[in-house]
Amino acid sequence: MRDVKRKDLQSIAQGHRLGFIRRIRGIWQSDIGEALGFKGRMRYKWISKYETGLYEPKDNRLGKLTEILHVSRDAVRKYNFKNSSDLIYVLLWAEECCPNFEYVMDYMTIPQNDTQYRLMCFYEEWQKQKERYRSGEMTHDEYLEWKLQLKDL
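FYI, the numbering for the sequence shown is 6 to 158, going by our numbering.
Okay, structure coming up:
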């Protein structure tokens with residue numbers, strides 16, 4: 006992974022996440038454009054428009070982008086908060102965007118539904134991974150990679 010600082014992630018917007026991941030992977034916009042079948046200046050133009058948020062990648066192109074960037078679809082899709090996993094990914098990205106971000110989940114009661122149960126399971130796993138990172142058992146790159154590969158919540 007390329008040494009890209011957290012401050013390089015401007016926001017959790019889809020385009021900013023795509024650009025951030027591309028940079029940490031050390032991939033040029035033109036390389037992605039070419040892999041997507043664009044020619045000439047269009048290789049840069051479309052990827053730049055995705056990263057700035059002027060355009061959103063269509064579903065099939067988003068699938069190709071996840072293959073090129075080696076990430077889960079959930080790491081780069083647009084979040085609409087119709088399911089609990091959107092909140093989970095927003096929390097993960099908020100932590101990358103704001104290094105001092107800390108989310109504490111109080112779940113003293115037994116989960117009442119599937120959404121609460123999924124959130125609780127995710128939170129427990131997140132805390133385990135975060136502790137591994139903080140203790141030095143894993144590097145920031147490994148911790149970030151865990152986030153980028155997380156799927157099927």
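Glycine included, C-beta positions come from ideal geometry on N, C-alpha and C.
Rounded to a whole number of angstroms, what is the C-alpha to C-alpha distance between Asn118 and Asn88?
For the purposes of this step, residue 118 is identified with residue 113 of the sequence shown, where counting begins at 1. For the purposes of this step, residue 88 is identified with residue 83 of the sequence shown, where counting begins at 1. Taking the straight line from one Cα to the other gives about 13 Å.
Out of curiosity, what's the CA-to-CA distance linking Lys50 and Asp79?
Here residue 50 refers to the residue found at position 45 when the sequence shown is read from its first residue. Here residue 79 refers to the residue found at position 74 when the sequence shown is read from its first residue. If you take the alpha carbons of Lys50 and Asp79, they lie about 24 Å apart.
Who are the Cβ neighbours of Arg139 in its own chain at under 7 Å, not counting the five residues just before and after it?
Translated into the one-based positions of the sequence shown, residue 139 becomes position 134. Excluding positions up to five away in sequence, the list is empty.
Taking Lys63 as the reference, which of Lys83, Val76 and Met47 has the closest Cα?
By one-based count along the sequence shown, residue 63 stands at place 58. For Lys63, the nearest C-alpha among the options comes from Lys83.
Report the CB separation of Val81 from Ile26 in whole angstroms; it is logged as a contact under 8 Å.
Here residue 81 is taken as the residue at index 76 of the sequence shown, counted from 1. Here residue 26 is taken as the residue at index 21 of the sequence shown, counted from 1. Between Ile26 and Val81 the Cβ distance is about 7 Å, and since that is below 8 Å, they are a contact.
By Cβ distance, which residues of its chain are closer than 6 Å to Thr57, with the 5 residues on each side in sequence left out?
For this step, residue 57 is matched to residue 52 along the sequence shown. For Thr57, where only same-chain residues beyond five positions count, the Cβ hits under 6 Å are Gly20.
Which whole-angstrom value is the C-beta distance of Arg22 and Trp98, which I expect to be below 8 Å?
In the sequence shown, counting from the first residue as 1, residue 22 sits at position 17. In the sequence shown, counting from the first residue as 1, residue 98 sits at position 93. At roughly 6 Å, the Cβ-Cβ gap stays under 8 Å, so Arg22 and Trp98 are in contact.
Using alpha carbons as the reference points, say which of Lys135, Gly141 and Gly31 lies closest to Asn105.
The residue you call residue 105 lines up with position 100 of the sequence shown. Nearest of Lys135, Gly141 and Gly31 to Asn105, Cα basis: Lys135.
To the nearest angstrom, report how far apart Ala40 and Thr71 are at their CA atoms.
Along the sequence shown, read from residue 1 onward, the residue named residue 40 stands at position 35. Along the sequence shown, read from residue 1 onward, the residue named residue 71 stands at position 66. Cα to Cα, the separation comes out at about 12 Å.
Looking at Ile29 and Gly38, is the spacing between their C-beta atoms short of 8 Å?
Counting from one through the sequence shown, the residue named residue 38 turns up at place 33. Counting from one through the sequence shown, the residue named residue 29 turns up at place 24. Result no, Cβ atoms of Gly38 and Ile29 do not sit closer than 8 Å.
Just tell me which of Trp151, His75 and Thr144 has its CA closest to the CA of Gly31.
Position 26 of the sequence shown, counted from the start, is the residue given in the question as residue 31. Taking only the C-alpha atoms, the option nearest Gly31 is His75.
So, with DSSP's three-state summary, where would you put Phe25?
Locating residue 25 in the sequence shown gives position 20, where the first residue counts as 1. Looking at Phe25 - three-state DSSP - the assignment turns out to be helix.
At the level of alpha carbons, what is the spacing between Leu155 and Asp36?
The residue labelled residue 155 in the question sits at position 150 within the sequence shown. The residue labelled residue 36 in the question sits at position 31 within the sequence shown. Whole-angstrom Cα-Cα distance: 25 Å.
Who are the near neighbours of Trp162 in its chain, counting only those whose CB is closer than 6 Å to its CB and skipping five residues on each side?
There is simply no residue 162 to check, as the chain begins at 6 and stops at 158 in what is shown.
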